[in-house]
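Here the protein sequences line up with chains A and B, keeping their order.
With the working numbering as the guide, the letters of the first sequence map in order to residues 16 to 141.
With the working numbering as the guide, the letters of the second sequence map in order to residues 16 to 141.
Don't be surprised by glycine CBs; every beta carbon is placed ideally from N, CA and C.
There are 2 protein chains.
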Amino acid sequence: MRIGELAARSGTSTRSLRYYEEQGVLASRRTANGHREYDESDLRLVREIRGLLSIGFGLAETRPFVDCLRAGNASGDACPASIDVYRRKLAEVEQCLDRLTSVRDHLRNQLAIADERGERGSGCPC
Amino acid sequence: MRIGELAARSGTSTRSLRYYEEQGVLASRRTANGHREYDESDLRLVREIRGLLSIGFGLAETRPFVDCLRAGNASGDACPASIDVYRRKLAEVEQCLDRLTSVRDHLRNQLAIADERGERGSGCPC
DNA sequence: GCTGGACCTGACGCCGATGTCAAGGCATAC
DNA sequence: GTATGCCTTGACATCGGCGTCAGGTCCAGC
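So, in structure tokens, the structure goes:
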């Protein structure tokens with residue numbers, strides 16, 4: 016299939032697919048007229064990439080998964096390199112969760128305090 | 016005080032202060048020679064801005080707080096407009112927390128599955 | 001008068017994934 | 001032959017908060 020069909024079937028854009036190729040995470044054969052030619056396995060690769068991106072992975076981080084699939088594995092995370100990325104990402108996510116959680120608590124506190132102020136009628140002369 | 020001192024005392028850079036001014040969240044008087052002149056109240060404004068930025072607010076979102084302080088309130092969140100921003104931000108943060116939490120769970124699952132695979136010795140021929 | 005430091009404005013760079021426009025090639029349908 | 005549509009490469013735009021460089025001004029100390 017050509018790039019338009021791959022884009023449609025993978026729910027992305029031709030621009031993105033060319034970008035993935037430019038970044039070295041997706042390869043393509045070329046037909047005689049220079050058009051990119053893909054097959055079903057490429058569709059799986061793109062779906063893997065898209066799934067990871069949507070979860071918050073960077074494009075570069077998807078490479079081990081793609082390589083793993085290309086190596087013939089049934090799933091992209093069957094390789095140690097992919098697992099390492101999982102682990103790093105999990106650590107990142109957990110750290111981010113901690114930060115966000117404390118931000119949330121802080122916001123709730125401020126809102127609670129503001130509510131008290133509001134009920135007592137003191138405050139903003141704006 | 017001039018911009019250098021304000022930057023030092025607020026723990027930021029002169030570049031940032033000029034940027035805040037450019038974006039309309041921080042004002043400045045000018046001395047005869049064109050230099051920016053600040054006072055202690057500006058220091059409080061900048062500290063408010065920095066605090067909010069560090070929590071994940073966008074610069075534009077800090078404006079109500081700054082306006083509130085400039086209106087003579089003891090704290091930047093004494094005004095309804097600030098409270099609204101708090102509420103919007105809280106909603107954003109909670110949504111983000113939900114997403115991240117499910118991502119975290121997903122990652123944990125994948126890692127657990129991978130561990131099983133690893134122990135059984137099946138998998139990656141890379 | 002010179003040097004150095006702090007200030008000024010203006011403008012480009014970054015990061016990351018993608019939109020979008022431009023200008024052209026090739027093929028299919030009429 | 002021409003219209004249409006998909007393909008090609010290349011390159012600029014986006015968003016946000018800054019870093020950083022360039023080139024020039026102003027003032028204090030010597």
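Exercise. Can you tell me which of the three DSSP states residue 17 of chain B falls into?
Key: By 1-based counting over the second sequence, the position of residue 17 of chain B is 2. Of the three classes helix, strand and coil, the one that applies to residue 17 of chain B here is coil, per DSSP.
Exercise. Please list the partners that residue 112 of chain A has in chain B, where partner means a Cβ-to-Cβ separation under 8 Å.
Key: What you label residue 112 of chain A is simply residue 97 of the first sequence in a count that begins at 1. By Cβ distance, chain B contributes 112, 115, 116 and 119.
Exercise. List the endpoints of the continuous alpha helix (DSSP H) containing residue 28 of chain A.
Key: Translated into the one-based positions of the first sequence, residue 28 of chain A becomes position 13. That residue, residue 28 of chain A, is in no alpha helix (DSSP H); it is neither H nor E in DSSP.
Quiz item: In chain A, which residues lie with their C-beta within 8 Å of the C-beta of residue 126 of chain B?
Solution: On the second sequence, residue 126 of chain B is found 111 positions in, with the first residue counted as 1. Residues of chain A whose Cβ lies closer than 8 Å to the Cβ of residue 126 of chain B are, in chain order, 98, 101, 102 and 105.
Practice problem: For residue 92 of chain A, count neighbouring Cβ atoms within 10 angstroms of its own Cβ and tell me buried if that reaches 16, exposed if not. | Solution: For the purposes of this step, residue 92 of chain A is identified with residue 77 of the first sequence, where counting begins at 1. Residue 92 of chain A is buried by the Cβ-count criterion.
Quiz item: How many Å lie between residue 21 of chain A and residue 124 of chain A at the Cα?
Solution: Walking along the first sequence from the start, residue 21 of chain A turns up at place 6. Walking along the first sequence from the start, residue 124 of chain A turns up at place 109. Approximately 49 Å between the Cα atoms of the pair.
Quiz item: residue 94 of chain B and residue 115 of chain A: beta carbons closer than 8 Å?
Solution: Taking the second sequence and counting its residues from 1, one reaches residue 94 of chain B at position 79. Taking the first sequence and counting its residues from 1, one reaches residue 115 of chain A at position 100. The answer is no: Cβ separation not under 8 Å.
Practice problem: Taking 8 Å as the cut-off, decide whether the C-beta atoms of residue 105 of chain A and residue 61 of chain A are in contact. | Solution: Along the first sequence, one-based indexing puts residue 105 of chain A at 90. Along the first sequence, one-based indexing puts residue 61 of chain A at 46. It is not a contact, given that the beta carbons lie outside the stated cut-off.
Quiz item: Just the Cα atoms here: how many angstroms apart are residue 57 of chain B and residue 127 of chain A?
Solution: Counting from one through the second sequence, the residue named residue 57 of chain B turns up at place 42. Counting from one through the first sequence, the residue named residue 127 of chain A turns up at place 112. For residue 57 of chain B and residue 127 of chain A, the gap between their C-alpha atoms comes out near 27 Å.
Exercise. Express the C-alpha separation of residue 113 of chain B and residue 45 of chain B in angstroms, rounding to a whole number.
Key: Within the second sequence, numbered from 1, the residue matching residue 45 of chain B stands at position 30. Within the second sequence, numbered from 1, the residue matching residue 113 of chain B stands at position 98. Within the model, the alpha-carbon separation for residue 45 of chain B versus residue 113 of chain B is close to 47 Å.
Quiz item: Rounded to a whole number of angstroms, what is the C-alpha to C-alpha distance between residue 30 of chain B and residue 72 of chain B?
Solution: Here residue 30 of chain B corresponds to residue number 15 of the second sequence, with the count starting at 1. Here residue 72 of chain B corresponds to residue number 57 of the second sequence, with the count starting at 1. When only Cα atoms are considered, residue 30 of chain B and residue 72 of chain B end up about 19 Å apart.
Quiz item: With 16 other CB atoms within 10 Å as the buried threshold, where does residue 102 of chain A fall?
Solution: Stepping through the first sequence from its first residue, residue 102 of chain A is reached at position 87. With fewer than 16 other Cβ atoms within 10 Å, it is exposed.
Quiz item: Looking at C-alpha atoms only, which residue of A:108, A:82 and A:98 is the closest neighbour of residue 132 of chain B?
Solution: In the second sequence, counting from the first residue as 1, residue 132 of chain B sits at position 117. Distances from the CA of residue 132 of chain B to each of A:108, A:82 and A:98 were compared; the closest alpha carbon is that of A:98.
Quiz item: If we ignore side chains and look at the alpha-carbon of each, how far apart do residue 63 of chain B and residue 107 of chain A end up?
Solution: As a working mapping, residue 63 of chain B is identified with position 48 in the second sequence. As a working mapping, residue 107 of chain A is identified with position 92 in the first sequence. Computed Cα separation, rounded: 28 Å.
Quiz item: Going by C-alpha distance, which of B:17, B:28, B:87 and B:65 is nearest residue 47 of chain B?
Solution: Counting from 1 along the second sequence, the entry for residue 47 of chain B is found at position 32. It is B:17 whose Cα lies nearest to the Cα of residue 47 of chain B.
Quiz item: In whole angstroms, what is the alpha-carbon distance linking residue 38 of chain B and residue 65 of chain B?
Solution: By 1-based counting over the second sequence, the position of residue 38 of chain B is 23. By 1-based counting over the second sequence, the position of residue 65 of chain B is 50. C-alpha separation (whole angstroms): 14 Å.
Exercise. Using a threshold of 8 Å, state whether the C-beta atoms of residue 52 of chain A and residue 43 of chain A are closer than that.
Key: The sequence position of residue 52 of chain A within the first sequence is 37, counting from 1. The sequence position of residue 43 of chain A within the first sequence is 28, counting from 1. Contact flag set, yes.
Quiz item: In chain order, what residues of the same chain lie with their CB nearer than 8 Å to the CB of residue 75 of chain B, ignoring the 5 residues before and after it?
Solution: As a first step, residue 75 of chain B is located in the second sequence; it is residue number 60 there, counting from the start. Cβ within range, chain order: 38 and 40.
Quiz item: Does any C-beta atom of chain A lie closer than 8 Å to the C-beta of residue 59 of chain B?
Solution: Within the second sequence, numbered from 1, the residue matching residue 59 of chain B stands at position 44. No, residue 59 of chain B lies away from the interface with chain A (no Cβ there is under 8 Å from its Cβ).
Quiz item: Can you tell which of B:19, B:118, B:130 and B:129 has the C-alpha that lies nearest to the C-alpha of residue 69 of chain A?
Solution: Here residue 69 of chain A refers to the residue found at position 54 of the first sequence. Nearest C-alpha to residue 69 of chain A: B:118.
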